[in-house]
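Notes for the one structure printed next.
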Amino acid sequence: MNLPLLHKTDGEHPTIQKKQSLSLSQRSADAMTKWMGSWPFLLGFSVIIIIWICINIYGWWNNWDPYPFILLNLVLSTISAFQAPIIMMSQNREAERDRLAAKYDYAVNRKTEREVLKIQKDLAEIKKMLEK
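Each residue of the sequence shown is one higher than the last, beginning at 90 in the working numbering.
Next comes the structure, spelled out in structure tokens:
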């Protein structure tokens, strides 16, 4: 009883294959999500906000957005409105890759279990033959 392979031996894991078939917009969303979740982005964004607030509090130039920073609030809300769907698209694709990987792992585990049971059966038969 020789069980067939679940994938080509020279191929890659199904989640890697699926990742390679993403569209440009999907790859862009993943890249943006990766960048927005990094320390350089968070630190740079924090510096920009601190500079914005300092310029408008101390009025080094024309303070275009005085306290309570309504324009800054609008800018941050607009950025959030664009970031949330991009992050959700990336998370949905990651969840789909996880489901595919889990399905693949389950199939591999089932095949392995059947092979182990077959080997145990063969060993039991060999043991019987040796005991005779």
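Glycine included, each C-beta is placed from N, C-alpha and C at the ideal position.
Taking a C-beta distance under 8 Å as the contact criterion, N152 and N145 qualify as a contact pair. Within a 10 Å sphere around the beta-carbon of S179 sit 16 or more other beta-carbons, which makes this residue buried. In the structure shown, the three-state DSSP call for K217 is helix. Taking 8 Å as the cut-off, the beta carbon of Q115 is found no closer than this to the beta carbon of R188. Restricting attention to P157, I159, L111, I175, the CA atom closest to the CA of W124 is found in I175. Look at S179 here: in three-state DSSP terms it is helix. The closest CA to that of S117, considering only D194, Q172, I139, is found on Q172.
Counting other Cβ atoms within 10 Å of its Cβ, T167 stays below 16 and is therefore classed as exposed. Inclusion of I142 and F130 in the CB contact set at 8 Å is not warranted, their separation being larger than that value.
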